[in-house]
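Everything on this sheet refers to the single structure shown next.
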Amino acid sequence: MSEENRASLNFIEQIIEEDLKSGKHNGRVLTRFPPEPNGYLHIGHAKAICINFETAKKYGGTTNLRFDDTNPTTEDTEYVDNIQQDIKWLGFNWNEEPLYASDYFEQLYGYAVKLIRKGLAYVDDSTPEQIAELKGTPSVPGTDSANKSRSIDENLDLFARMRAGEFPDGSKVLRANIDMTSPNMLMRDPIIYRIKKEHHHRTGNQWCIYPMYDFAHGQSDSIEGITHSLCSLEFIHHRPVYDWFIEKLEIFPSRQIEFARMNVEYMITSKRKLLKLVNDNYVSGWNDPRMPTISGMRKRGYPAAAIRTFCDKAGVAKRENTIEINLLEACVREELNKTALRVMVVMDPIKVVINNYPEGQTEILKGENNPEDPAAGDRDITFSREIYIEREDFMEVAPTKYYRMTLNADVRLKHAYILHCTHADKDEHGEITTIYADYYPNSKSGEDVSGIKPKGTLHWVSAADSIPAEVRLYDRLFSVPDPTGDDNVDFLEYYNKESLTIVNNARAESTLSVALPGTQYQFLRQGYFCIDEESTQEHLVINKTVGLKESFSKEVKKA
RNA sequence: UGACUCAUGGUGUAAUCGGCAACACAGCAGAUUUUGGUUCUGUUAUUCUAGGUUCGAGUCCUAGUGAGUCAACCA
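Residue 2 is where the first sequence starts when you use the working numbering, and the numbers rise one by one after that.
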């Protein structure tokens, strides 16, 4: 038994447990989530958020939210607010107030001066082209800039004057003095400060020089006492740089650990490409329910708990991976099956008149709100002579495996009676206009003594008592699992034009007239849906979250 | 033509550090069902290649192959 309880650890947890065992940092664990405030958070960020917050929590530690705001050109407060909202919605809380790399600008400046004093940094006047030229290539070593031999005093003076705003943008940079021949391109005297006379969203016009990522991220980790700095694999080449600065600056030794970022079928996470989708109106915005953004998934109706479960089940390792979209959907269904209230909505209504049900009569039937949760209680459903059923739930002549309504056959109405279809009216095109059926008065749901056992059960709504609704059906944004996988094909070629279908004439059970925006439902036999944030009592707007598992369509394919 | 990282069913992740390759999702078959949902049962399918060490290798060693990453005054 005790052996079964031994949960397997991912490689990050193994590292942390070793650290704990050796007494490193006195058993303290502090992680961080470091978004740059220049875009919206997406599924890949959700993964990083889960790893950072949940790993720390598991070992009694906490997590800092730190905005990596060292590039005033692209960053904005708007993103700062949205990012915080998304993280909170996902269910995580960071330590106290959010932190900002920009809060450390003065300290970072001091670090740079310290480096210069040690002869480990120099001011370079080379143009960007010259710097690139001298950098070499992965297989050809770089060569030193002529400015590398400047004296410490001269460097100190020049750097101070850079800060003072004496030089125009781009005219000078501060570089670390490491090794132009290193096989690691990032170690070839990386630029650590550049001149940008731009307004910063927090520090305003206080600075005209800004540190580069490599001179801000690791140092910020160190300043905050981050013990385990978890990032994605593409930063692996930065680790020697990260460690070099910590060593030379003699500051707190945070440790960077890289994991493979998560890719998901049919989703893209490139900021540039997502922006293109928004700007060119392929989607309605960053929170379009088809977007892989956290705000998009929220609007779609994916519960935060489902996203967390998904990230957990996807696991953590160091190899390239692409998670099947059906795992995400399985997590969403698993969560919603437990929590979503059941209700009946007809997407494509066709009228059924019950011949032997008295005109003008109605009755109230009871429907359970959630068979998975008895505590969810019952609701009232109005039954009447005229009802709507789904157009696709009727066929005059049906194949053997069709368990729905056909001529001269019985079918159950969920929570109501068994119907026997008698005939149907058609228009001049042969389209069914109205279906007629008899009902068995002794087959009422819960008190059925008819002895009839129909194969199928249909959802339905009362014609008079139902309300109109607009339902937005979403499908995958792209027609292939990996729309960015082929360098020769633009990802927009794979845009799925049918990714959004708007159903304008759906009829919903009247219960939904008081539904609150954001509430999630299961529409019986159809899937999970949620009330859109902009939905009103006058105009009900509903988003499809995900369909139910469908084995009938497979039967059809087989046939 | 350099460096770094990785390689386990269809997908993803494990295998307590050398001891019967497992879990989840997907698939397939069946049972239950007033949702063709849920639930339950069963089942298909896995260690990149070649050597080596060893009583024993997914795990260690060597070589190869394949995939990914790195040359922004972005993060």
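Note that CB positions come from ideal geometry on N, CA and C, so glycine has one too.
Quick caveat, the model's predicted, so the values are computed rather than measured.
| field | Nearest-angstrom Cα separation, counted from E494 out to R392 | value | When only Cα atoms are considered, R392 and E494 end up about 34 Å apart.
| said: Quick check: the Cα distance between D533 and T502, rounded to an integer number of angstroms? | reply: Taking the straight line joining both Cα atoms gives about 15 Å.
| task | Return the chain-ordered list of same chain residues with a C-beta closer than 6 Å to the C-beta of T78, the five sequence neighbours on each side being excluded. | result | So the list reads H202, once near-sequence residues are dropped.
| request: May I ask you to verify whether the region 325-337 touches the region 411-428, counting CB pairs closer than 8 Å and requiring at least 3? | output: Pairwise C-beta distances place the region 325-337 out of contact with the region 411-428, as fewer than three of them are shorter than 8 Å.
| From Y440, A122 and A464, pick the residue whose C-alpha is nearest to that of P191; which is it? | Ranking Y440, A122 and A464 by CA distance to the CA of P191 puts A122 first.
| What does DSSP give as the partner residues of T407 in its beta bridges? | T407 is bridged to M396.
| field | E5, buried or exposed, once every other Cβ within 10 Å from all chains shown has been counted against 16 | value | Since pLDDT at E5 reaches only 37, below the 50 mark, its modelled position is unreliable, and the value read off the structure follows with that caveat. By the 10 Å Cβ count, E5 comes out exposed.
| request: Check whether the Cβ atoms of E37 and E98 lie closer than 8 Å to each other. | output: No.
| message | Just to confirm before moving on: does the CB-CB distance between Y41 and T294 stay below 8 Å? | response | In contact: Y41 and T294 (Cβ atoms closer than 8 Å).
| Cβ separation of N264 and I324, assumed to be a contact under 8 Å, to the nearest whole Å | Contact flag correct, Cβ pair sits at about 7 Å.
| query | Given 8 Å as the limit, is there contact between the region 218-231 and the region 277-292, that is, 3 or more CB pairs closer than that? | reply | Not touching, per the Cβ criterion.
| Could you give the residue range of the beta strand (DSSP E) that holds F106? | Unbroken run through F106 is the alpha helix (DSSP H), F106 to R118; no beta strand (DSSP E).
| query | Count the other CB atoms within 10 Å of the CB of E510; is the residue buried (16 or more) or exposed (fewer)? | reply | Around the C-beta of E510, 16 or more other C-beta atoms lie within 10 Å, and the residue is accordingly described as buried.
| query | Apart from the five residues just before and just after S1, which ones in its own chain have a Cβ nearer than 7 Å to its Cβ? | reply | A query on residue 1 cannot be resolved here, the shown segment of the chain reaching from 2 to 560 and no further.
| task | Give the single residue among S446, E266 and V141 whose Cα lies nearest to the Cα of P482. | result | P482 has its Cα closest to that of E266, out of S446, E266 and V141.
| So what's S451 in DSSP terms, helix, strand or just coil? | For S451, the secondary structure class from DSSP, reduced to helix, strand or coil, is coil.
| query | When DSSP builds the beta bridges, which residues end up paired with A425? | reply | DSSP lists I436 as the bridge partner or partners of A425.
| Going by DSSP, what residues sit across from D379 in a beta bridge? | DSSP, once it has assigned bridges, lists E369 as partnering D379.
| query | Quick one: what's got a C-beta closer than 7 Å to G120's C-beta in the same chain, skipping five residues either side? | reply | Counting only residues of its own chain and dropping the five nearest sequence neighbours on each side, G120 has a CB closer than 7 Å to the CB of I153 and N178.
| task | Measure the beta-carbon distance from L109 to K249 and round it to whole angstroms, keeping in mind my assumption that it falls under 8 Å. | result | About 14 Å; that fails the 8 Å criterion.
| said: Can you list, in chain order, the residues of its chain with a C-beta nearer than 7 Å to that of V242? Leave out the 5 residues immediately preceding and following it. | reply: Taking C-beta separations shorter than 7 Å and ignoring five residues to either side along the sequence, the partners of V242 in its chain run L187, M188, P191 and D215, following chain order.
| field | Contacts around P304, its chain only, beta-carbon distance under 6 Å, and the 5 residues preceding and following it disregarded | value | If we look at P304 and ignore the five residues flanking it on each side, its Cβ neighbours are E336.
| message | For the beta strand (DSSP E) containing E280, name the first residue and the last one. | response | The sequence shown places Asn at residue 280, rather than the Glu named in the question. It is not in any beta strand (DSSP E) - N280 instead sits in the alpha helix (DSSP H) that spans K272 to N280.
| query | Exposed or buried, M2, counting other C-beta atoms within 10 Å across all chains shown (16 or more means buried)? | reply | Unreliable placement is indicated for M2, whose pLDDT of 30 sits below 50; the coordinate value is still reported in the next sentence. Counting Cβ neighbours within 10 Å, M2 comes out exposed, since fewer than 16 surround it.
| query | Near T71, what residues of its chain come up, given a Cβ to Cβ distance below 6 Å and the 5 sequence neighbours on each side ignored? | reply | Cβ neighbours of T71 beyond the five flanking positions: A102, Y211, P212 and A217.
| From L478, L100 and M396, pick the residue whose C-alpha is nearest to that of T278; which is it? | Here residue 278 turns out to be Leu, not Thr, going by the sequence shown. Of L478, L100 and M396, the residue nearest in Cα terms is L478.
| task | Give a yes or no on whether the C-beta atoms belonging to T546 and Q527 are separated by under 8 Å. | result | No; because the gap between Cβ atoms is not below 8 Å, this pair is not in contact.
| request: Output the distance between the C-alpha atoms of K427 and F395, rounded to the nearest integer angstrom. | output: Each residue's alpha carbon lies about 13 Å from the other.
| field | Exposure label - F68; buried when at least 16 CB within 10 Å | value | Looking at its Cβ environment, which holds 16 or more other Cβ atoms inside 10 Å, F68 is buried.
| query | Under 8 Å, do K314 and F12 count as touching if we go by C-beta distance? | reply | No; because the gap between Cβ atoms is not below 8 Å, this pair is not in contact.
| When N185, D145, A147 and V114 are compared against L159, the one with the closest alpha-carbon | By alpha-carbon distance to L159, the top candidate from N185, D145, A147 and V114 is V114.
| heavy atom of the ligand PLP below 7 Å from D313 C-beta | Although the ligand PLP was asked about, the structure shown includes no ligands whatsoever.
| query | Can you tell me where the alpha helix (DSSP H) with Y80 in it begins and where it stops? | reply | Boundaries of the alpha helix (DSSP H) around Y80: T78 to L91.
| field | Residue environment, D466, which counts as buried when at least 16 other CB atoms sit within 10 Å | value | Under this definition D466 is a buried residue.
| message | Tell me which residues share the same chain as Q85 and place their Cβ nearer than 8 Å to its Cβ, disregarding the 5 neighbours each side in the sequence. | response | Closer than 8 Å at the Cβ level, and outside the excluded window around Q85, lie L66 and P99.
| So is S172 buried or exposed if we call it buried at 16+ other beta carbons inside 10 Å? | Its Cβ having fewer than 16 others within 10 Å, S172 is exposed.
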